[in-house]
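Undergrad: Mapping of the sequence shown onto mature numbering (1 follows the signal peptide of the UniProt record, and there is no 0): residues -22 to -1, 1 to 796, in sequence order.
I'd like to ask some things about the structure below.
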Amino acid sequence: MKLFKRITAFALALVMGAGVLAGCGDTEEEEPNEPQEPKVEITVARASSSKNKYGDVKLYELEELETSSPDGNIVARFWQNESGGLFYTVESDGEEVIEPSRLGITLTSCDFSTGIDTITSYDRADEIDDEYETALTISLEDVSCRDHCMERQVYLTKGDASLTLLVRVYDDGFAYRYADVNSGDGKESVFVMSEVSEINLPEGTTTFAGGYSATYEFDYIERTYDELVNHSGTFNTPVTAYTGDKWMLFSESDVYANEINYVKSVLDTSSGSAALKWQFGFDRDPANEVTDDLASPGHIRITEVRTSNGFTTPWRVAIIADNVTELAASDVIDSLCPPMDEELFESTDWIQPGKVSWSWWSGGDQANYDVQVDHVDFSAENGWEYCCLDAGWPAFEDRIAELCDYAADKGVGIILWVNYLHLKTPEEIEELFSQWHEWGVVGVKTDYFESDDIDVLEVMKNCAEIGAKYELMIYYHGCINPCGETRTYPNIMSSEAVLGEEFRKWSTSPTPENCLMYPFTRNIVGSMDYTPSCIAITKTGESAGFSIAKSIVYESALQHFASSAYAFPYFLGLPLISRMPTAWDESVMIDGYPGDYVTYMRRSGEDYYIGAMTLEARTETVSLDFLPDGEFTAYIYYDDENRELALMEQTVTNADELTLDMPDIGGAAVLITQGDYDTSVEEAPNAKLEGYTYYECEDGTLSGAASVSDGMMCSGGKKVGYVGNGSFNSVTHTVTVDEAGEYELLVYYCTGEERGINIVVNDTDRYEMTGLSGAGFDMPDAASITISLNAGENTIKLTRNSGYAPDLDMIAVSDEPV
């Protein structure tokens, strides 16, 4: 099996570029190996005969502009209609994968979508061939990116107005941008009113796209060609497409890595057409702005863009591949961004990927200092590099420096959350970042940007640049999707822009099918802060294997794990998570189809990891021919018959195949190594003991407001809440013993605060358990009490006369009197 190298978005960023690309800055040209004839400027004219059509409109090829990839497999052609409008097509291996599609941009003073006066270029395209390596500060082996393409500059004029159409054709993609757009009237600023730029897909193409979300959090939907043609709506990028022979992904690059003078765009569709039209995105609505740190603003469509005269748009990008393996391995989006500024990043020692403990999702009180200390301790004990303090940490702001010192002594870095509202000016960012750096903070989680407009993109750029000044790693939430900027700003570690695990705090979204879309869509364009729980969330229908496989399949340079530091110590998969890195030497999508299944192999040094996920039951057979010679041990985490996580070991060589049997919404995670590996974990507080009979509370008789809900770490994945606040809100069990006597009653409960339980046996005997505390409402704990039971059947009622009882997982009664 051929291994296609793919660098994580983090690794791509730490570059020592051989040269800056045209349109991205200044560069020193290398001496050519052989003398070349100077390029000759030519005036481009339409061919004499019609060779294509746009609907019923005849198109004439501009043959001099034909541009091929270095290997000749991808060809971009350009066309003009009789009205002077410009069009393009793209072929891959002779197949037209993008049919005639319009080009053009409209200013208030000039419409470049029609009536072009002159088109000039040179008699040949320029070859760009740069390799950029990861910085030596990160211990990755043989990881490199190659920016190899043919670039053509096409100069367009209309009256006194002008623009340059920059075109690049890669072996695995095509990109263009409008550069140096000048109205010709001498004014400092211009208004862009619209674009006609589009992507026309060939008949039979299947698309995988979501809707519009200001936070780029949505469900991806598979649409047939006919369904796309009948659809009217707006898609955030990226959008993936499959022609039946070729795979493509459409997105943008260099949105905020250079001078920002254009907005982030979306793709609109109109019923009756298979065209994806580039249009302005959305902005925060001033009439529905917010001041609360945890509130989202309203949003409005951007109807015009005021920008500087001579502006340049982001790159519009199409990755084009023969299969999903090549699609996932593409570096095109990153290569289109400029290399990092070596003066801004004199040193990159402080930029380190890693695993992050995080208490927000699992219910840990963000305003509780001790909870954060516990998560720091957990990170230190398990080799995790960081701990993130989410919204609420200002409650103990005066102790952040103390916590940073405590964490640093244990080899753990502290990351702080902040809302965009506090970052709107460079001065505000300077004030916060300088203070946090002084405290010892190593990273910042920025949130609630929720805009495609220039002003907000400028804030994202400022965070990266000022963050570099104060040696702060940055990752964005509530933001646009990545567009290659991590190459320019290597301290950008990850971005959200995904309907992630956090939504499962209050809902069942995202669906398992959507989770199987991300490897083919969102995660291809850059690091994805999905925040996997890894511990199965029962209400989603996902198996334990499906859940832990995300830690391998999903890539993020800072990988936040949503589950609690109080739950992870008892999780069978903890040793696997703690061992794996978050930046990889080698990554290969072995197989998959969006929304159906995916299998990934990733390598770190001499350790190999395989993650597999599937919607419907299937058997994945993985050739291990990527292994070096010798015997290895495969530690296979898989779904047992109860869909719970199980572990088996297997000796393997590179002549073997690994067979992974997965149930519906199932998966597997595998470590293959010749090194030592300790698989032991702590025994859970609600582990069932011998000598007791157990009764699940969700199977008891509930009365009043008592109700069943999901409990991720609870037995059976369920618990009973709203018990108490009056004795009529209760859960009652019927238990049977052989003889009368005193028996031990174990009560398994979850609570994040001190609570108590009133127990009534056989409607007569009353007991009370007080001072019950725990690690949160998803983490079971246990307490015991001695009760009197009669021979035969007995009833045990659990309630709380005043205030609520803890959530209840199960009870157990000793088989013999104590």
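For glycine and all other residues, C-beta sits at the position ideal for the given N, C-alpha and C.
A quick note: this is a predicted structure, and the numbers were derived from the prediction, not measured.
Closer than 8 Å is the cut-off here; do at least three beta carbon pairs connect the stretch 669 to 683 with the stretch 698 to 706?
TA: Touching, yes.
Undergrad: Please identify the residue among E205, E230, N236 whose C-alpha is closest to the C-alpha of Q257.
TA: The sequence position of residue 257 within the sequence shown is 279, counting from 1. Of E205, E230, N236, the residue nearest in Cα terms is E230.
Undergrad: Would you list, in sequence order, the uninterrupted beta strand (DSSP E) runs of no fewer than 3 residues that lie entirely inside the stretch 503 to 582?
TA: Counting only runs of 3 or more, we get 536 to 539, 564 to 571, 575 to 582.
Undergrad: When burial is assigned at 16 or more other CB atoms within 10 Å of the CB, is K255 buried or exposed?
TA: Mapped onto the sequence shown, residue 255 falls at position 277. That one is buried.
Undergrad: With a threshold of 16 other CB atoms inside 10 Å of the CB of A646, please say whether the residue is buried or exposed.
TA: Numbered from 1 along the sequence shown, position 668 holds the residue referred to as residue 646. A646 comes out buried.
Undergrad: If you count every other CB in all the chains shown that lies within 10 Å of the CB of M626, and 16 or more means buried, which is it?
TA: Position 648 of the sequence shown, counting from 1, holds the residue named residue 626. It is exposed - the Cβ of M626 has fewer than 16 other Cβ atoms within 10 Å.
Undergrad: Given this structure, state the Cα-to-Cα distance separating R733 from F755, to the nearest angstrom.
TA: Counted from its first residue, the sequence shown places residue 733 at position 755. Counted from its first residue, the sequence shown places residue 755 at position 777. Each residue's Cα considered, the two are about 12 Å apart.
Undergrad: Using a Cβ-Cβ cut-off of 7 Å (strictly less than) and excluding sequence neighbours within five positions of A386, which residues of its own chain qualify?
TA: Against the sequence shown, residue 386 aligns to sequence position 408. Contacts found: G418.
Undergrad: Grouping DSSP H, G and I as helix and E and B as strand, with all else coil, what is D400?
TA: Start at 1 with the first residue of the sequence shown, and residue 400 comes out as number 422. As written in the sequence, residue 400 is His, which differs from the Asp given in the question. If DSSP states are grouped into helix, strand and coil, H400 belongs with the helices.
Undergrad: By Cβ distance below 6 Å, which residues in the same chain neighbour D246 in space, the five residues on each side in sequence not counted?
TA: Within the sequence shown, residue 246 is the residue found at index 268, counting from 1. Answer for D246: T212, K255, Q257, listed in chain order.
Undergrad: Is it buried or exposed, G689, if we count other Cβ atoms within 10 angstroms and call 16 or more buried?
TA: By 1-based counting over the sequence shown, the position of residue 689 is 711. By the neighbour-count rule (16 or more Cβ atoms within 10 Å), G689 is buried.
Undergrad: Could you tell me which residues DSSP puts in a beta bridge with L776?
TA: Locating residue 776 in the sequence shown gives position 798, where the first residue counts as 1. Per DSSP, V709, I737.
Undergrad: Give me the Cα-Cα distance between T597 and T637, rounded to the nearest whole angstrom.
TA: On the sequence shown, position 619 is the one that residue 597 refers to. On the sequence shown, position 659 is the one that residue 637 refers to. Going from the Cα of T597 to the Cα of T637 covers about 7 Å.
Undergrad: Give the single residue among D312, P663, Y571, I568 whose Cα lies nearest to the Cα of C123.
TA: The residue given as residue 123 occupies position 145 in the sequence shown. Nearest option by C-alpha distance: D312.
Undergrad: Are the stretch 353 to 369 and the stretch 388 to 397 touching by the rule of at least three beta carbon pairs closer than 8 Å?
TA: Touching, yes.
Undergrad: Reducing DSSP to helix, strand and coil, say where A662 ends up.
TA: As a working mapping, residue 662 is identified with position 684 in the sequence shown. Reduced to three states, the DSSP call for A662 is coil.
Undergrad: Should T764 be labelled buried (16 or more other beta-carbon atoms within 10 Å of its own) or exposed?
TA: On the sequence shown, residue 764 is found 786 positions in, with the first residue counted as 1. With fewer than 16 Cβ atoms within 10 Å of its Cβ, T764 is classed as exposed.
Undergrad: Comparing alpha-carbon positions, which option in E771, D108, D785, E619 lies nearest A760?
TA: For the purposes of this step, residue 760 is taken as residue 782 along the sequence shown, with counting starting at 1. Nearest of E771, D108, D785, E619 to A760, Cα basis: D785.
Undergrad: Of all the beta strand (DSSP E) runs that stay within the bounds of the stretch 382 to 426, which reach a length of 3 or more residues?
TA: Runs found: 391 to 397, 421 to 425.
Undergrad: May I have the straight-line CA-CA distance separating V796 from E609, to the nearest angstrom?
TA: As a first step, residue 796 is located in the sequence shown; it is residue number 818 there, counting from the start. As a first step, residue 609 is located in the sequence shown; it is residue number 631 there, counting from the start. Straight-line Cα distance between these residues: approximately 53 Å.
Undergrad: What's the C-alpha gap between T486 and G478?
TA: Position 508 of the sequence shown, counted from the first residue, corresponds to residue 486. Position 500 of the sequence shown, counted from the first residue, corresponds to residue 478. T486 and G478: Cα-Cα distance of roughly 11 Å.
Undergrad: List the endpoints of the continuous alpha helix (DSSP H) containing L602.
TA: Taking the sequence shown and counting its residues from 1, one reaches residue 602 at position 624. Element bounds for L602: n/a, residue is neither H nor E.
Undergrad: Check the DSSP bridge columns for Y100 and list the partner residues they point to.
TA: The sequence position of residue 100 within the sequence shown is 122, counting from 1. Note: Y100 sits in a beta bridge opposite E19.
Undergrad: What did DSSP end up calling residue 808 once you bin it into helix, strand or coil?
TA: Residue coverage of the chain in this structure runs from -22 to 796, which leaves residue 808 outside it and unanswerable.
Undergrad: Under DSSP, the beta strand (DSSP E) around V302 begins and ends at which residues?
TA: Against the sequence shown, residue 302 aligns to sequence position 324. From DSSP, V302 is part of no beta strand (DSSP E) but of the alpha helix (DSSP H) over 302 to 307.
Undergrad: Going by alpha carbons, who is nearest to Q58 out of S325, D642, Y38?
TA: Start at 1 with the first residue of the sequence shown, and residue 58 comes out as number 80. Among S325, D642, Y38, the Cα nearest to that of Q58 belongs to Y38.
Undergrad: Less than 9 Å between the beta carbons of I774 and T710, yes or no?
TA: Translated into positions along the sequence shown, residue 774 becomes position 796. Translated into positions along the sequence shown, residue 710 becomes position 732. Yes, the Cβ-Cβ distance between I774 and T710 is below 9 Å.
Undergrad: What residues in its chain sit with their C-beta under 6 Å from that of G589, if we drop five residues either side in the sequence?
TA: Residue 589 sits at position 611 when you count from the first residue of the sequence shown. Counting only Cβ-Cβ distances below 6 Å, and skipping sequence neighbours, we find A527, I530, V531, Y578, A647.
Undergrad: Kindly list the residues whose CB is nearer than 7 Å to the CB of A103, restricted to its own chain and excluding five residues on each side of it in sequence; keep chain order.
TA: Walking along the sequence shown from the start, residue 103 turns up at place 125. Closer than 7 Å at the Cβ level, and outside the excluded window around A103, lie T45, M128, E129, R130.
Undergrad: How big is the Cα-Cα spacing for D149 and D107?
TA: Counting from 1 along the sequence shown, the entry for residue 149 is found at position 171. Counting from 1 along the sequence shown, the entry for residue 107 is found at position 129. Whole-angstrom Cα-Cα distance: 12 Å.
Undergrad: In three-state DSSP terms, what is S243?
TA: The residue labelled residue 243 in the question sits at position 265 within the sequence shown. Of the three classes helix, strand and coil, the one that applies to S243 here is strand, per DSSP.
Undergrad: Hey, could you find the ends of the alpha helix (DSSP H) I94 is sitting in?
TA: Position 116 of the sequence shown, counting from 1, holds the residue named residue 94. First-last for I94: undefined, no H or E at that position.
Undergrad: Which residues in the same chain have their Cβ closer than 6 Å to the Cβ of V268, if we skip the five residues on either side of it in sequence?
TA: Within the sequence shown, numbered from 1, the residue matching residue 268 stands at position 290. Counting only Cβ-Cβ distances below 6 Å, and skipping sequence neighbours, we find P275.
Undergrad: When burial is assigned at 16 or more other CB atoms within 10 Å of the CB, is N620 buried or exposed?
TA: Within the sequence shown, numbered from 1, the residue matching residue 620 stands at position 642. Burial call: exposed.
Undergrad: Straight-line CA distance for G222 to G33?
TA: The residue you call residue 222 lines up with position 244 of the sequence shown. The residue you call residue 33 lines up with position 55 of the sequence shown. C-alpha separation (whole angstroms): 23 Å.
Undergrad: Leaving out five residues on either side along the sequence, give the residues of the same chain with a beta carbon under 6 Å from the beta carbon of T679.
TA: Residue 679 sits at position 701 when you count from the first residue of the sequence shown. Result list for T679: T710, in chain order.
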